[in-house]
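Student: Please find one structure pasted underneath; my questions will follow.
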Amino acid sequence: MLEMITKTLWGSIMLPAMMILGFILLYRLQGGFVYRWKTIFRNTLGSSSGVGGVSPFSALCTALAGSIGVGNTGGVAAALIAGGPGALFWMWVAGIFGMGIKYAEVYLSVRYRNDRVGGGPMDLVMFALGLPAPAVVLGGVFILSSFGMGNLCQSGTAAISLGEAFGASPFLFSLILGALLLYVLWGGAKSVTTFTTLAIPVFSLLYCLFCLSLIVFHLSGLPQALERIFEGAWGIKEIGGGFSAALLSRATRTGFSRGLFSNEAGMGSTPLAYGMSEERNPEKAGMWGILEVCIDTLLICTLTGLALLVSGVAPPETGAAWTMEVFGMAGKGGEWFLAVSIGFFAFASMTAWGCYGQQAILWLGGNEKEKKAYICLFCLVSLWGAYGGEDNFFTISDVLNALVCLPNMVCLFLLSKEVSFPKAAKNQGKKQKTKPGRP
């Protein structure tokens, strides 16, 4: 029953809606988020603004921690198995749509947030649409969703991967991850952003360098791999399987619903990260979202896909087995590195989603005691992942994710006319007037 609901929500509703919204934003913003990279870099890595909260760069790292997960390794491989090499091309197309959607949801979240740190899809429903009751329900569903996609789906895959690689009990690794998770989350949002700001850039760079080394080692296979990508992109099979897998490259098994987006565009989770940021300019905040999608999908997913395609290794039945075999070409150290990468990215995703859950608790009026209770429950639930049952975890998560994503997408459609992108360099530094939020 749940699988049928999931298939309907993601296959018949969400995918077409996201494609249409991507086209609308591409038209209304005149493609600014695609080619105005000088403007984007000047207003992100080249600047800093605000008077409180966490830095925009820390918010970027936290958002990346939430979106970079197990789907950036085995999920990419699963998409290539399902749709052929051409699926990677459609990941790039999906990344372009994702940049527009991510820009819009971060822009609107910052515009409609109040003077307190907050933001997120609940603010859009309450303050932009004037619907307080649905906003409260959405906050509750968002908390439930954090236990699925942001917890069980990550902890289970990480514990099992580490256990298989190092020949130990998955439950042992689950205990270690749970203890570390409790330590990071107990310190609140500041602790999470400090961890992600230090760890995400370093480990993402190491992972990219390892993938690059695999590509360089098999450099002679790169021209053929690129040819297969572009030829396969226009095949009927590749378009049918590849487009859905590309738009949703966080998939650890098969299909669109298993991954949302590799970058979580449209999910409504990322605005909670930028809601903690000191950045008050909607346009600048949105540009950090564009940069996030670029790193997650157009860089990390691309390097993973190319490393797999140039290796010459025939894909087995599962994406996880394919990535392990390819990384294992570098010896046992390669297998260990992949397992540690999966474990780290999963753990980082759990810290980010645990932080999002805390933000939702506080938004609903919860106090410090209730926030601590949530943290304890979140860490205890993570231990369950070691016992397997990933298919059930993903199915339940798919339904919860859709219940969060649907109202967020409705807001983006209704408010898309309010989203703007700097038209000229002289306008980039001007701050936009933000709408009043919660008193």
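Using the numbering used here, read the sequence shown as starting at 64 and increasing by one per residue. Positions of the beta carbon are idealized from the N, C-alpha and C atoms, including for glycine.
What residue does the alpha helix (DSSP H) around Tyr246 start on, and which one ends it?
Tutor: Here the alpha helix (DSSP H) through Tyr246 covers 233-249.
Student: If you draw a straight line from the alpha carbon of Pro334 to that of Ala402, how long is it in whole angstroms?
Tutor: Cα to Cα, the separation comes out at about 30 Å.
Student: Exposed or buried, what is Thr71 when buried is set at 16 or more other beta-carbons lying within 10 Å of its beta-carbon?
Tutor: It counts as exposed.
Student: So, with DSSP's three-state summary, where would you put Val444?
Tutor: If DSSP states are grouped into helix, strand and coil, Val444 belongs with the helices.
Student: May I ask you to report which of helix, strand or coil DSSP gives Val117?
Tutor: Of the three classes helix, strand and coil, the one that applies to Val117 here is strand, per DSSP.
Student: Assuming Tyr170 is part of the alpha helix (DSSP H), what are its boundary residues?
Tutor: Segment 149-175, the alpha helix (DSSP H) holding Tyr170.
Student: Note down the Cα distance separating Ala465 from Met330, rounded to an integer number of angstroms.
Tutor: Using only the alpha carbons, I get a separation of about 8 Å.
Student: Please classify Thr69: is it buried, with 16 or more other beta-carbons within 10 angstroms of its beta-carbon, or exposed?
Tutor: Flag for Thr69 reads buried.
Student: Using DSSP with H/G/I as helix, E/B as strand and the rest coil, what is Ser254?
Tutor: Here Ser254 sits in helix by DSSP.
Student: Do you know offhand how far His504's Cα is from Phe273's?
Tutor: As displayed, the chain neither begins before 64 nor continues past 502, which places residue 504 out of reach and without an answer.
Student: Where do the ends of the alpha helix (DSSP H) carrying Phe407 lie?
Tutor: From DSSP, the alpha helix (DSSP H) with Phe407 extends over 395-426.
Student: Does the distance from the C-beta atom of Ser130 to that of Ser445 stay below 8 Å?
Tutor: No, these two residues do not count as a Cβ contact at 8 Å.
Student: Starting from the Cα of Gly391, find the closest Cα among Ala228, Asn326, Val467, Leu427 and give me that residue.
Tutor: Nearest C-alpha to Gly391: Ala228.
Student: Where does Ser130 sit, in a helix, a strand or coil, going by DSSP?
Tutor: In this structure, Ser130 counts as helix in the three-state DSSP scheme.
Student: Tell me, to the nearest whole angstrom, how far the beta carbon of Gly132 is from that of Ala409; I am working on the premise that it is less than 8 Å.
Tutor: Rounded, the Cβ-Cβ distance is 6 Å, consistent with contact.
Student: As a quick exercise: from Met472, Tyr166, Val482, Cys124, pick the residue whose alpha carbon is nearest that of Gly352.
Tutor: When each option's Cα is compared against that of Gly352, the closest is Tyr166.
Student: Is Trp340 helix, strand or coil by DSSP?
Tutor: Looking at the sequence itself, residue 340 is Ser, so the reference to Trp does not match. Residue state, collapsed to three classes: strand.
Student: Could you spell out the range, first to last residue, of the alpha helix (DSSP H) harbouring Glu355?
Tutor: Counting along the chain, the alpha helix (DSSP H) containing Glu355 begins and ends at 345-356.
Student: Between Leu143 and Pro378, is the Cβ-Cβ spacing less than 8 Å?
Tutor: Cβ atoms of Leu143 and Pro378: closer than 8 Å.
Student: Roughly how many angstroms lie between the CA atoms of Leu354 and Leu235, to the nearest whole one?
Tutor: Spanning the two alpha carbons is a distance of roughly 36 Å.
Student: Alpha helix (DSSP H) containing Ser208: first to last residue?
Tutor: From DSSP, the alpha helix (DSSP H) with Ser208 extends over 195-210.
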